[in-house]
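One structure below.
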Amino acid sequence: MSRVFNFSAGPAAIPLEVLEEAQAGLPDWSGTGMSVMEISHRSKAFGVVSEAAEHDLRELMSIPDSYAVLFLQGGATQQFALVPINLASADQSVDYLITGSWSIKAEKTAAAVRSVNIVADAARLSYMDVPARDSWDCDPQAAYFHYTSNETIGGVEIHEPPDVGSVPLVTDMSSNILSRPIDVSRFGLIYAGAQKNVGPAGLTVLIVRRDLLRESVPELPAILSYGAHAEAGSMLNTPPTFAWYMSGLVFAWLKRQGGLEAMGNVNRRKSDKLYAAIDGSDFYSNSVARLHRSWMNVPFTLARPELDDEFCAQADQQGLTNLKGHRSVGGMRASIYNAVPEQAVDVLLEFMAEFERRHG
Ligand code: PMP
18 MSRVFNFSAG
28 PAAIPLEVLE
38 EAQAGLPDWS
48 GTGMSVMEIS
58 HRSKAFGVVS
68 EAAEHDLREL
78 MSIPDSYAVL
88 FLQGGATQQF
98 ALVPINLASA
108 DQSVDYLITG
118 SWSIKAEKTA
128 AAVRSVNIVA
138 DAARLSYMDV
148 PARDSWDCDP
158 QAAYFHYTSN
168 ETIGGVEIHE
178 PPDVGSVPLV
188 TDMSSNILSR
198 PIDVSRFGLI
208 YAGAQKNVGP
218 AGLTVLIVRR
228 DLLRESVPEL
238 PAILSYGAHA
248 EAGSMLNTPP
258 TFAWYMSGLV
268 FAWLKRQGGL
278 EAMGNVNRRK
288 SDKLYAAIDG
298 SDFYSNSVAR
308 LHRSWMNVPF
318 TLARPELDDE
328 FCAQADQQGL
338 TNLKGHRSVG
348 GMRASIYNAV
358 PEQAVDVLLE
368 FMAEFERRHG
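For the sequence shown, the numbering used here assigns the number 18 to the initial residue and increments by one for each residue that follows.
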């Protein structure tokens, strides 16, 4: 078997142990004589899977009982639209903090259906920093405040949930959910596409304070309503059962690693050593403000951008794959989610040092 070190931004690496566990159970899962993909989402056997996944996620993130956990489809992009129509009525305004590509997309989608107040826009900081809290123009009457806790493309992370008073805090946590402990009770709603730090694409995880599931917009079709999904236990229609099952295996794996405290320590170490190497070299650079550098996505550029393709090609040859930066920004990006072991970062650092020796 030849597994590579996969630095993909998403769909991203999944722990090998989890892949092997799924593989072993594929033809005859749990004595059913079928794979988990071939059984009803309403069967007793799948009920065990769905409940265990929710239980383990609640335990990992210490999610209070006053929050519902939903396992939906549609990706984070669908939540860009569902958040405003579920959490704000037509006459309410909503606050958005703009820190990069994903918050721009979330804001544009919300603006199509609700009145949006942009509290601050990091454009003047070239999306390399987050505008200072005291410069934000927040609306105390806003139905909610939305921000992107980790900008996957720019590598800009907001490490602590901001204080926005009593306005419910909503965050797109797609690329840093489960990367460390967080205080869920600070949030009104958290959403995340699964394909980075949770499991396979196709599943979207939502954690929402139950009191926000009120019928503020009774005209919503059930399939678009968080309240209806919560009431139906995320089984209003057929959920993405295999992705849900796989995510459950990832949650159990995370528990075996020591939970989010342990993951946070490893993630901090992985990103610290990568930034230290970049900062210590004249050949590599990362311009994100230190306070907001992402633990999950580390973009960097080469002093000689004409070598970008060669860097990626040689890295690939050494089993270091998917290091090309997002097409909108170029350069390189190492996504180092939970399933990317520290050893992968160590091997990458050796490769980077050697590449610099030859080309710097
Ligand atoms: N938000 C963030 C922060 C992301 O990184 C992504 C995907 N890269 C999205 C939203 C969009 O996710 P999806 O493709 O699941 O809709």
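Using N, Cα and C, we set each Cβ at its ideal position, and we do this for glycine too.
Quiz item: In the stretch 69 to 118, which residue ranges form an unbroken alpha helix (DSSP H) of at least 4 residues, counting only runs that do not cross its ends?
Solution: 92 to 104
Self-check item: Endpoints, the beta strand (DSSP E) within which Arg226 is located
Solution: Thr221 to Arg226
Self-check item: Distance, Asn193 Cα to Gly336 Cα
Solution: 25 Å
Quiz item: Is the beta carbon of Tyr161 less than 9 Å from the beta carbon of Thr116?
Solution: no
Quiz item: Would the beta-carbon of Ser196 be found less than 8 Å away from any heavy atom of the ligand PMP?
Solution: no
Quiz item: Can you tell me whether Ala123 is buried or exposed, with buried defined as 16 or more other CB within 10 angstroms of its CB?
Solution: buried
Quiz item: How many whole angstroms separate the CB atoms of Ala211 and Leu223, which I take to be in contact at a CB cut-off of 8 Å?
Solution: That belief does not hold up - the Cβ atoms of Ala211 and Leu223 are roughly 11 Å apart, past 8 Å.
Exercise. Would you check if the distance between the CB atom of Pro358 and the CB atom of Glu278 is smaller than 9 Å?
Key: no
Quiz prompt | Which of helix, strand or coil DSSP assigns to Thr255 | solution = coil
Exercise. Report all residues from its chain with a CB closer than 6 Å to the CB of Thr460; omit the five preceding and five following residues, and keep chain order.
Key: Residue numbering for the chain in the displayed model covers 18 to 377; residue 460 lies beyond these limits and cannot be assessed.
Quiz item: Hey, would you say the C-beta of Ser60 is under 8 Å away from at least one heavy atom of the ligand ATP?
Solution: Judged by which ligands are present, the ligand ATP is missing from the structure shown, whose ligands are the ligand PMP.
Quiz prompt | Start-to-end residues for the alpha helix (DSSP H) that takes in Tyr292 | solution = Gly276 to Asp296
Quiz item: Should Asp146 and Val305 be called a contact, given that it needs their Cβ atoms to be closer than 9 Å?
Solution: yes
Quiz item: Does any heavy atom of the ligand PMP sit closer than 8 Å to the C-beta of Gly210?
Solution: yes
Practice problem: Specify the secondary structure class of Asp326 as computed by DSSP and reduced to three states. | Solution: helix
Practice problem: Just confirm the distance between the C-beta atoms of Ala209 and Ser191, as a whole number of angstroms; I'd bet it's less than 8 Å. | Solution: 5 Å
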